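Step one of this worksheet: look at the structure below.
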Amino acid sequence: MEPIYVVDDEPTICETLGGVLQDEGYSVVSCPDAQTLFKRLSKQKPSLVLLDVWLPGADGMEVLQEFKGEYPDIPVIMISGHAGIESAVTSIKLGAYDFLEKPLHLEVLLDKVSGALADAPTRHVGELPSDTRLEIATCRKPIHADSISLVESDQPQRTLKKNIVLNGTGLLSGRNTGIIISPLDVNEGIIFQSLDGYTIPGNITSLENFSQTDVSQTFTANSTVLASNNRRVRTIEHLMAVLHMFGITNAQIKADEEIPNVDGSAKDFYRLIHEAGIKKQSEKAKKVVFHEKVSVGTENVTDKYLYVEPFKGFQVNMRVDYPAPIFEQRYTFDPKKQSFEEEIAPARSFNTFKNIDMAQKMGKVGSGYLNSHIIMHDGKVINTELRYPDEFVRHKILDLIGDLYLLGCFIEGSITANMTSHGYNQALVKKIHTILTERESLH
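Put into structure tokens, the structure is as follows:
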């Protein structure tokens, strides 16, 4: 096997990597700069290049681009101690096999080296259902009004004990934004408020493009967006999931059009609300009880579908099946048996580099995507380490829990979901709301 080239101007890095790789049986050649690299290439080709982003007299990205132009089949792993996600994404786009940050974890490094040298074929990464587009969810199967009931829960209404402030970056706008969450009295509900004082009720009737009569509805797939009085609030789903799981029924969220996304999960929302404390109120909360199955979509393993069945309690059964590195994942969450804080809230949004790059070029999303998503390219995660092996399916559950709270009350039922995104979640909520409205008109 040809040697591995280590291109780094730090002698200690070259020495350390050389020793570790040689202990594993690899031949190693060290190059202190790009000029030495290209001189050696004229004499002997490497099997792999470990290339530092910062080199004396040269930009590592430019070196990568030049190298891949001449030797497209030789894998390159970029390494850096001072770069971020943008650099990682840029290097992958330029043809790097992977990107590692210093200080290097040697076990991770050896695993990446082994994978690059094995050159094992990966499954072609077809596009994930893009979180940057619209989708159509059908709701044609008729359901009679007695299939569900809205009843008084045995749980009290709840609000916060004090105000909460959270700042972050907008997922879609890419700009700094923030929210203030405040307590409200009983029967006020979840209310969003624009900076100029306009109110947007946090329920399904405020959904952007909401239509109660259509059997087929176009929904946003990338996030949940509410609108009223020519004002709107975007990416509410992670916050709504936390309010749902804390049982908070009354709260005002003041926002500048977009809820900050932070790291793409709900853990910061959870932490802040937990620290603020929950106040039980004098009135009882409401819940929807299911007497028969209510569904959206076609129940086929290759299609999106979502349904609720009668069940004493609340649980979510989710299945996804996407190309590498996700594959098929299943997870069942029951808040009475598992911790939302530990098992669901930290799960982050995800998408492919291709989808994100395309959406940014079209102006549909901002730079917030890069810092708040698990980003995948060529069958692997390129910008972070997973918090769980099945983080992808857990995040889908997080989104669903948030979208379900658009009902404005709790659900007593078992939810089964296959490959769903926000559009189908919203379609189910819309269908349940329509049934409840019809039931109320009949009684």
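So for the sequence shown, numbering that gives the first Met the number 0 puts the first residue at 0; every next one is plus one. Beta carbons are placed, not taken as given, at the ideal position from N, Cα and C, and that holds for glycine. As the structure is a computational prediction, the values presented were derived from the model and not from experiment.
For residue i, which of the options has the nearest alpha-carbon?
{"i": "G201", "options": "G401, H421, M0", "result": "G401"}
{"i": "K161", "options": "D145, T176, P182", "result": "P182"}
{"i": "M317", "options": "G18, I434, A416", "result": "A416"}
{"i": "F313", "options": "L399, H237, A275", "result": "L399"}
{"i": "H421", "options": "T383, G169, E207, N299", "result": "E207"}
{"i": "C13", "options": "V28, E23, G24, E1", "result": "V28"}
{"i": "I179", "options": "F268, G188, T204", "result": "F268"}
{"i": "Q337", "options": "L108, R393, Y321", "result": "R393"}
{"i": "L238", "options": "P259, N229, N228", "result": "P259"}
{"i": "L20", "options": "D58, H104, D32, T176", "result": "H104"}
{"i": "E187", "options": "N424, Y423, A426, G407", "result": "G407"}
{"i": "A265", "options": "E340, T204, G276, K278", "result": "E340"}
{"i": "H143", "options": "G56, E291, S281, Q280", "result": "E291"}
{"i": "V300", "options": "P2, V319, A57", "result": "V319"}
{"i": "Y25", "options": "H243, E1, Y321", "result": "E1"}
{"i": "L40", "options": "D22, A57, K67", "result": "K67"}
{"i": "P10", "options": "L54, D22, K38", "result": "L54"}
{"i": "E65", "options": "I277, Q43, L36, I78", "result": "L36"}
{"i": "D184", "options": "K278, Q192, L108", "result": "K278"}
{"i": "E236", "options": "N424, N229, E23", "result": "N424"}
{"i": "A226", "options": "L108, L405, V380", "result": "L405"}
{"i": "L271", "options": "D145, S205, V164", "result": "V164"}
Confirm, please, whether the CB-CB distance from residue j to residue i is below 8 angstroms.
{"i": "V224", "j": "R231", "result": "yes"}
{"i": "A303", "j": "T436", "result": "Note that residue 303 is Lys in the sequence shown here, rather than Ala. Contact: no."}
{"i": "V295", "j": "L305", "result": "yes"}
{"i": "I343", "j": "L397", "result": "yes"}
{"i": "H372", "j": "I91", "result": "no"}
{"i": "L16", "j": "M60", "result": "no"}
{"i": "R386", "j": "P334", "result": "no"}
{"i": "A87", "j": "N350", "result": "no"}
{"i": "L99", "j": "I76", "result": "yes"}
{"i": "K430", "j": "V293", "result": "yes"}
{"i": "R347", "j": "D262", "result": "yes"}
{"i": "G448", "j": "E308", "result": "Lying before the first or after the last residue shown, residue 448 is absent from the chain, which here runs from 0 to 442."}
{"i": "D255", "j": "G177", "result": "yes"}
{"i": "G80", "j": "K111", "result": "no"}
{"i": "S152", "j": "F310", "result": "no"}
{"i": "L403", "j": "H273", "result": "no"}
Since residue i is in the beta strand (DSSP E), which residue starts that stretch and which ends it?
{"i": "P182", "result": "175-182"}
{"i": "M375", "result": "373-376"}
{"i": "C30", "result": "27-30"}
{"i": "G407", "result": "It is not in any beta strand (DSSP E) - G407 carries neither H nor E in the DSSP assignment."}
{"i": "Q156", "result": "147-159"}
{"i": "Q43", "result": "No beta strand (DSSP E) contains Q43, which DSSP labels as neither H nor E."}
{"i": "E327", "result": "326-332"}
{"i": "L225", "result": "225-227"}
{"i": "V52", "result": "From DSSP, V52 is part of no beta strand (DSSP E); its letter is neither H nor E."}
{"i": "V232", "result": "230-232"}
{"i": "V6", "result": "3-6"}
{"i": "N186", "result": "From DSSP, N186 is part of no beta strand (DSSP E); its letter is neither H nor E."}
Could you tell me the boundaries of the alpha helix (DSSP H) in which residue i lies?
{"i": "Y269", "result": "266-275"}
{"i": "V107", "result": "105-117"}
{"i": "Q21", "result": "10-22"}
{"i": "R39", "result": "33-40"}
{"i": "I396", "result": "390-403"}
{"i": "G263", "result": "Premise fails: G263 is in no alpha helix (DSSP H) and is neither H nor E."}
{"i": "G246", "result": "Premise fails: G246 is in no alpha helix (DSSP H) and is neither H nor E."}
{"i": "L63", "result": "59-69"}
Considering only DSSP beta bridges, list what residue i is partnered with.
{"i": "K92", "result": "Beta-bridge pairing links K92 to no other residue."}
{"i": "K311", "result": "In the DSSP output, where bridge partners are listed per residue, K311 has none listed."}
{"i": "E100", "result": "S79"}
{"i": "N166", "result": "G177"}
{"i": "Q192", "result": "T198, K253"}
{"i": "G296", "result": "Y304"}
{"i": "R318", "result": "R329, N417"}
{"i": "L206", "result": "L225"}
{"i": "N350", "result": "I374"}
{"i": "F289", "result": "I147"}
{"i": "K379", "result": "H376"}
{"i": "K278", "result": "T158"}
{"i": "K335", "result": "Note: K335 sits in no beta bridge, so no partner."}
{"i": "K283", "result": "P155"}
For residue i, verify whether its CB is less than 7 angstroms away from any heavy atom of the ligand FAD.
{"i": "D333", "result": "Of ligands this structure carries none, so the ligand FAD is not represented either."}
- [ ] Spell out a yes or no on whether the segment 143-162 and the segment 242-262 are touching, meaning 3 or more CB-CB pairs, one atom from each, closer than 8 angstroms.
- [x] yes
TODO: May I ask you to verify whether the segment 110-118 touches the segment 46-56, counting CB pairs closer than 8 angstroms and requiring at least 3?
DONE: yes
TODO: Examine the Cβ distances between the segment 285-300 and the segment 183-197 and report whether three or more of them are shorter than 8 angstroms.
DONE: no
Task: Inter-stretch contact at 8 angstroms, needing at least 3 Cβ pairs: the segment 68-77 / the segment 341-360 - done: no
Task: Any 3 or more C-beta pairs closer than 8 angstroms across the segment 47-67 and the segment 1-10 - done: yes
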